[in-house]
Amino acid sequence: MRKTTHIAALSAFVSLFCASVAIADQAIHDTLPENIRSAGVIRIGGAFESFPQLVADPNEATKPVGIAADLAALLAPVLGVKIEWVNTHWPGQIPGLQAGSLDALMGQISVTAERERKMLDFVPYFQASAGIVVPNENPRNIGEDVKTLCGLKIGAPSGSLYGQTLRGISEKYCTEETAGPITLAEFPSAPAASTAVLSGQIDGYLDSSVTCKGIASSSGARLSSISLLYNQTQEWDPGLYGIAFTKDNVDLTKAVLLAMKAISETGQYQQVLTKYNAGDSAVPADRMSINPLTHTPVGQKQ
């Protein structure tokens, strides 16, 4: 009985997947800008180093796997184009997008009000609060309260929202009564930061809670992940990740939003997140919109 049920469920999933890849949605495809339709490819930049969001396929290092990769694979047939991933470390992602060598960013980039208003357009696909990676024995007794970070040396991705978050926490919560300010150490990649935590170079590493859980789960029980209190971090980190586009790529942004809504309606979006134990990180339907934090009109700056 169990085997029959399993096969039936698998067949249903395969049927759903095959139905999604058999025919592109012509109306959505026609929304794409002419240069994308002609090329038949969308080039997406992301760093293949943040499990479960985006990591290199262990069998083929030039290809990514993870939440972002799986979602992009579902978006491709709806849009009627191929996805080409470009392994791009975080410091080079926004410059690469602005230079035109990339069409979109996905995997690491956070949605912020400032970015929506001044720099980029976003289609959200994932939400998660901030977390921190610590040695498994947690010698510094770091907890969910951000004040437990005061007086410590904490890592964050180079030039990221999490560095700004640590500066904000330090300024607001860390006084002489709470062991003094946080010392920020920035790292070009999550693996480099993980090594620094293990060696004692830093006391912890701040990133999204889901990324931190992924780092901990792949550490051989040497690292642990702690989710920080959202009401203490949301001032700097809204906890929202998106697919990012330049302000002059309006049609691509609109098309990707339509495609995201399409895979949400079929249930495929939720299936991907559930596959990576991140089902509660799904963006609700009423927040699935362009620039959801500020509602800045697509293509415009405020």
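Going by mature numbering (1 follows the signal peptide of the UniProt record, and there is no 0), the letters in the sequence shown line up with residues -24 to -1, 1 to 278, in that order.
Glycine residues also receive a C-beta, built at the ideal position from the N, C-alpha and C atoms.
From the DSSP output, in three-state form, read off residue i for me.
i, result
"G255", "helix"
"V110", "strand"
"T222", "strand"
"V87", "coil"
"W212", "coil"
"P40", "strand"
"R116", "coil"
"S184", "strand"
"residue 312", "Outside the shown range of the chain, which is -24 to 278, sits residue 312, and nothing can be said about it."
"A23", "coil"
"L81", "strand"
Contact check, residue i vs residue j under 8 Å by CB: the rounded distance?
i, j, result
"A44", "L30", "5 Å"
"Q84", "V259", "Not a contact, Cβ separation roughly 17 Å."
"S170", "L199", "7 Å"
So residue i is in the beta strand (DSSP E); what residue range does that whole segment cover?
i, result
"P71", "Taken as a continuous stretch (DSSP letters only), P71 belongs to no beta strand (DSSP E), being part of the alpha helix (DSSP H) at Q69 to A75."
"V99", "L96 to Q103"
"I266", "Unbroken run through I266: none, as it is neither H nor E."
If you draw a straight line from the alpha carbon of residue i to that of residue j, how long is it in whole angstroms?
i, j, result
"K237", "M264", "7 Å"
"E162", "L55", "37 Å"
"Y138", "A168", "16 Å"
"A155", "A106", "22 Å"
"V41", "A32", "6 Å"
"Y149", "I12", "47 Å"
"E48", "T229", "One point to set straight first is that residue 48 is Ala, not Glu, in the sequence displayed. Straight-line Cα distance between these residues: approximately 14 Å."
"Q244", "E153", "50 Å"
"I(-2)", "S134", "Model confidence at I(-2) stands at a pLDDT of 45, short of 50, so the residue's coordinates are unreliable and nothing is read from them."
Measure from the alpha carbon of residue i to the alpha carbon of each residue in the options, then state which is nearest.
i, options, result
"A75", "Q208, K223, V274 and S240", "K223"
"T141", "L228, V226, P9 and W212", "W212"
"Q177", "E147, I130, V248 and E90", "I130"
"I18", "S240, V109 and A80", "A80"
"K58", "Q69, A15, R116 and L73", "A15"
"K166", "V232, I108 and I145", "Checking the sequence, you will find Ala at residue 166 rather than Lys. The option with the nearest alpha carbon to A166 is I108."
"P115", "D179, G68 and C126", "D179"
First and last residue of the alpha helix (DSSP H) that includes residue i?
i, result
"I145", "L137 to Y149"
"L174", "A166 to S175"
"E10", "E10 to A15"
"I4", "Q2 to T7"
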